[in-house]
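Here is the structure we will look at.
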Amino acid sequence: MKIHVFSEEKAAVLAADRYVELLKRKPNAVLGFATGSTPLQLYRELIRRYKLGELSFNQATSFNLDEYVGLDGSSPQSYRYFMNKNLFEQIDIPLERTFVPCGKNCSEKSTVEYDAKIQVSGGIDIQLLGVGRNGHIGFNEPGTSFDSLTHRVQLSRSTREANARFFRSLDEVPFEAVSMGIKTVMNARSILLFAQGEEKAEVIQKAIYGPVTEEVPASILQLHPFVELFLDPEAAKLL
Ligand code: GLP
638 MKIHVFSEEK AAVLAADRYV ELLKRKPNAV LGFATGSTPL QLYRELIRRY KLGELSFNQA
698 TSFNLDEYVG LDGSSPQSYR YFMNKNLFEQ IDIPLERTFV PCGKNCSEKS TVEYDAKIQV
758 SGGIDIQLLG VGRNGHIGFN EPGTSFDSLT HRVQLSRSTR EANARFFRSL DEVPFEAVSM
818 GIKTVMNARS ILLFAQGEEK AEVIQKAIYG PVTEEVPASI LQLHPFVELF LDPEAAKLL
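Just so we're aligned, residue 638 is where the sequence shown starts under this note's numbering, counting upward by one.
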């Protein structure tokens, strides 16, 4: 694991360089994107670089980590909506090549098909990750099997509470989501994990130095051959 400790702004610039390098070398790269507050600065930086002409996504394909069950792209709280607004509509990626797990009116096979689509696309080149305070990656809550592929998950109360800020009230936060599995994430060729703020310090310490255990889903990253962590000084303060 390579660990970088920088301000959020500097981390975004450095991580954006990874995308510039990748898309120059492989214009049809496959990108794994994440939602939440954590990646927003990176998305702003990618948009800035795109506008400067430093990179183009017009041959790229993307797969998002997760989606709430019961919400479709017209709902402002859905992750599809979040990605369209915060990234896709501001760069040149063809929307039909941006994939987010199905949250509403899904076929029974939609989760299996999601993994199949990733494989057919050639596999994910860079998977972006945030981390939940309980160590979740995507929506893979503690206890999720390391062998999991894309699947439906029950959200823990702490995750629902953490995400309630995006909804009018806690009651409106869905109880379930669809998430890429841990194995799906681990199959990515490289992983960039971002964490900011003191509230992530404990889980970051456990993920990096603690035992590799399903109780801390992010700890599996210790076994991935190419992971870079971009931490701000608060998230890194227990290292
Ligand atoms: C959410 C998402 C995760 C995200 C995490 C952290 O529940 N499903 O993919 O990484 O929680 O969110 P934030 O970046 O807002 O702290």
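Backbone N, C-alpha and C define an ideal beta-carbon position, used for all residues, glycine too.
When distances are taken from the beta-carbon of ALA671 to the heavy atoms of the ligand GLP, the shortest one is below 7 Å. In the structure shown, ASN723 falls within a helical segment according to DSSP collapsed to helix, strand and coil. In this structure, ASN771 sits near SER795, with a CB-CB distance shorter than 8 Å.
Taking C-alpha positions only, GLU645 is separated from ARG802 by approximately 21 Å. Looking only at PRO811, LYS754, SER744 and ASN742, the smallest Cα-Cα distance to THR735 is reached by LYS754. Checking the 7 Å criterion, the Cβ of ASN771 is out of range of every heavy atom belonging to the ligand GLP.
ALA671 places its beta carbon 8 Å or farther from that of LEU786.
With a minimum length of 4 residues, the unbroken runs of alpha helix (DSSP H) contained wholly in the region 648 to 726 fall at 677 to 688 and 716 to 723. For PHE643, the three-state secondary structure derived from DSSP is coil.
Checking the 7 Å criterion, the Cβ of ASP703 is within range of a heavy atom belonging to the ligand GLP. GLY767 has its CB nearer than 7 Å to a heavy atom of the ligand GLP. Contact fails between the region 775 to 793 and the region 865 to 873, because fewer than three Cβ pairs, one in each stretch, are under 8 Å apart. Comparing alpha-carbon positions, the option among TYR716, GLN678 and ILE728 lying closest to LEU689 turns out to be ILE728. Judged by DSSP secondary structure, VAL790 falls outside any alpha helix (DSSP H) and instead within the beta strand (DSSP E) spanning 788 to 791. By the neighbour-count definition (other C-beta atoms within 10 Å, threshold 16), SER856 is a buried residue. Annotated as proximal: ARG717 and GLY710, with beta-carbon spacing under 8 Å. Not one heavy atom of the ligand GLP falls within 7 Å of the beta-carbon of PHE700. Using a Cβ-Cβ distance cut-off of 8 Å, the region 687 to 705 and the region 659 to 679 are in contact, since at least three pairs of beta carbons, one from each stretch, lie closer than that value. Distance from the CA atom of LEU792 to the CA atom of GLY760, rounded to whole angstroms, is 27 Å. Of the heavy atoms belonging to the ligand GLP, none sits nearer than 7 Å to the Cβ of THR781. Exposed is the label assigned to ASN742, since fewer than 16 other Cβ atoms lie within 10 Å of its Cβ. Judged by DSSP secondary structure, GLN842 falls within the alpha helix (DSSP H) whose first and last residues are 838 to 846.
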